[in-house]
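A.B. asks:
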Amino acid sequence: MTRSIRTRTSTPFISERSRLATKPSRVHRYSRRDCMRALRKLKLGPGEVELVEVPDPQPARGEVRVRVESAGICGTDIHILHGAYGNLQPPVTLGHEFAGVVAGAGPGVHGWSDGERVAVESLAGSCGRCRDCRAGETQCCPERRAFGISADGAFADYVVVRETALHRLPDGVSFRQAALAEPLCVAVHAVLEKSSLRAGDTVLVTGPGTIGQLVAQVARLSGAAVILAGTAKDRERLELATATGTEHTVFSDREDLPAAVERITAGRGADAAFECAGVGAAVRGCLAAVRKAGQLV
Numbered sequence: 001m002t003r004s005i006r007t008r009t010s011t012p013f014i015s016e017r018s019r020l021a022t023k024p025s026r027v028h029r030y031s032r033r034d035c036m037r038a039l040r041k042l043k044l045g046p047g048e049v050e051l052v053e054v055p056d057p058q059p060a061r062g063e064v065r066v067r068v069e070s071a072g073i074c075g076t077d078i079h080i081l082h083g084a085y086g087n088l089q090p091p092v093t094l095g096h097e098f099a100g101v102v103a104g105a106g107p108g109v110h111g112w113s114d115g116e117r118v119a120v121e122s123l124a125g126s127c128g129r130c131r132d133c134r135a136g137e138t139q140c141c142p143e144r145r146a147f148g149i150s151a152d153g154a155f156a157d158y159v160v161v162r163e164t165a166l167h168r169l170p171d172g173v174s175f176r177q178a179a180l181a182e183p184l185c186v187a188v189h190a191v192l193e194k195s196s197l198r199a200g201d202t203v204l205v206t207g208p209g210t211i212g213q214l215v216a217q218v219a220r221l222s223g224a225a226v227i228l229a230g231t232a233k234d235r236e237r238l239e240l241a242t243a244t245g246t247e248h249t250v251f252s253d254r255e256d257l258p259a260a261v262e263r264i265t266a267g268r269g270a271d272a273a274f275e276c277a278g279v280g281a282a283v284r285g286c287l288a289a290v291r292k293a294g295q296l297v
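Each residue of the sequence shown is one higher than the one before, counting from 1 in our numbering.
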């Protein structure tokens, strides 16, 4: 049973795509001591998001309870809010990019103590038996569960996670920074594991959202020059990229993208392209902009 304490679809938790949602400083007076706040998608369709009281989750065997200190707002959360995400299994607590503090452990958990600072993987669980799981590709498991989509997520005071999903935070990493660990892992995987990027290469990144920005940063740290492409609505994002060291930015709705890449690379083309926008036009632009024997990720 849940008790609604706010019935709005425009809450502070999902007000802006580019900001992190952190625990409000105002102390909420719970109706029961064993309840907590949670921002939940109650059913499919636009809106249908409420801040409610739900039972405080308790960890089962092999699980750890985490007190959420910071949670990132992903584009997926925005799609869910507007009813544009089809794989959702409501009712469910939203949020899958987060960091916090260990606040209890279930039976069989070893090596974790209350108060430890952690970042958490976004995969809530998988079957452990299928071919993908046996190969270590648990994110491809047909029975996988993801926080904020098919398992209760981190837009709440507490969340219960697998012991194996926890990663300790170094002392110099803040909770706000650690909430970006999941999208940063996407960028690291794309650049360092799925491409053959070498120092001195020139890469094209399409889509200057969080993933695109992080891909650009990982590529730069790997010694590549970066061309980051977006549209007019991405002006602030492209300005941010320039301020953080990206060498070239292109408005692909004002300049032909392959022509811009050809101009910047003196006719050679991009050694690799990373498509982070998720639209067909960007995919086609990347294919036309990479050099012969180049790569598209």
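No residue lacks a Cβ here, since even glycine has one placed at the ideal position from N, Cα and C. These figures come from a predicted structure and were not determined experimentally.
(1) Quick one: what does DSSP say H82 is sitting in, helix, strand or coil?
(2) Let me make sure I understand the geometry here. Which of K194, S195, R237 has the alpha-carbon closest to that of P208?
(3) Rounded to whole angstroms, what's the CA-CA distance from A270 to T244? Just pull it up for me.
(4) Applying the criterion that 16 or more other CB atoms from any shown protein chain within 10 Å of the CB defines a buried residue, is P46 buried or exposed?
(5) Quick check on K23: does DSSP put it in helix, strand or coil?
(6) Tell me which residues share the same chain as A103 and place their Cβ nearer than 7 Å to its Cβ, disregarding the 5 neighbours each side in the sequence.
(7) Using the Cβ count rule (16 or more neighbours within 10 Å means buried), how would you classify R284?
(8) Given a cut-off of 8 Å, decide if A179 and A38 are closer than it, judged by their beta-carbon atoms.
(9) Between the Cα of L44 and those of D77, R129, S122, R254, spot the shortest distance and give me the residue it belongs to.
(10) Beta-carbon within less than 6 Å of F175's beta-carbon, same chain only, minus the 5 sequence neighbours each way: which residues are those?
(11) What does Q295 pair with, by DSSP beta-bridge criteria?
(12) Could you tell me the alpha carbon to alpha carbon distance between G153 and V92, rounded to whole angstroms?
(13) Flag this pair as yes or no: are the beta carbons of Q58 and I149 separated by less than 8 Å?
C.D. replies: Looking at the atomic coordinates:
(1) If DSSP states are grouped into helix, strand and coil, H82 belongs with coil.
(2) Per the Cα distances, R237.
(3) Per the coordinates, the alpha-carbon of A270 lies some 21 Å from the alpha-carbon of T244.
(4) Exposed.
(5) Confidence is the limiting factor: at K23 the pLDDT is only 42, short of 50, which leaves the residue's position unreliable, though a coordinate-based value still follows. Per DSSP, reduced to three states, the secondary structure at K23 is coil, with no helix or strand assignment.
(6) Correct list, in chain order: R65, V66, R67, D114, Y158.
(7) Burial call: exposed.
(8) The Cβ-Cβ distance between A38 and A179 does not fall below 8 Å.
(9) The residue with the shortest Cα to Cα distance from L44 is D77.
(10) Only E69, S70, A99 meet the Cβ criterion.
(11) When beta bridges are read from the DSSP output, Q295 appears opposite A272.
(12) A direct Cα-Cα distance of roughly 7 Å separates G153 from V92.
(13) No. Outside cutoff.
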